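What follows is a short report on a single structure.
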Amino acid sequence: MKPLRQHNNRPVISYVPRVEPAPPDHASKVDGFRDVWLLRGKYVAFVLMGDRFQRSQPFTGPESAQRWAAQMRQEGEVEE
């Protein structure tokens, strides 16, 4: 007789794909601002619109990036 085969007891790893463009791992959150991240010396805003992130162009100041994020949120509310 053949020996019984061992069952596959490896744990199942659940994978959750990232929604792009999400804030990258090497970006750091700017304190005091809701949506602003510091990325390569520039300030970038990420706003979740529906199930996707909208990314701003790079700004030199965090206030500008936060204004862009607030404007995107306002426009998103109008469309819905």
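Per full-length UniProt numbering, the very first residue in the sequence shown carries number 1; after that it's consecutive. Just so you know, even glycine gets a beta-carbon here, dropped at the ideal spot from N, CA and C. Since this is a predicted model, take the numbers as computed values, not measurements.
Apart from the five residues on each side of it in sequence, which residues of its chain come closer than 8 Å, Cβ to Cβ, to residue i?
| i | result |
| --- | --- |
| ALA27 | TRP37, LEU38, LEU39, VAL44 |
| SER64 | TYR43 |
| residue 83 | Outside the displayed range of the chain (1 to 80) lies residue 83, so it cannot be described from this structure. |
Beta-carbon within less than 6 Å of residue i's beta-carbon, same chain only, minus the 5 sequence neighbours each way: which residues are those?
| i | result |
| --- | --- |
| PRO23 | TRP37, PHE46 |
| VAL30 | VAL36, LEU38, PRO62 |
| MET72 | VAL47, GLN54 |
| ALA69 | ASP35, ALA45, VAL47 |
Do you know how far the Cα of residue j is from the Cα of residue i?
| i | j | result |
| --- | --- | --- |
| LYS42 | ASP25 | 15 Å |
| ALA13 | GLU77 | Residue 13 is actually Ile in this sequence, not Ala. Distance between the alpha carbons of ILE13 and GLU77 is about 37 Å. |
| PHE59 | ASP51 | 24 Å |
Between which residues of its own chain and residue i is the CB-CB distance below 7 Å, once the five residues before and five after are set aside?
| i | result |
| --- | --- |
| PHE33 | PRO62, GLN66 |
Mind listing, in chain order, the continuous beta strand (DSSP E) runs of no fewer than 3 residues lying wholly within the region 2 to 57?
36 to 39, 42 to 49, 52 to 55
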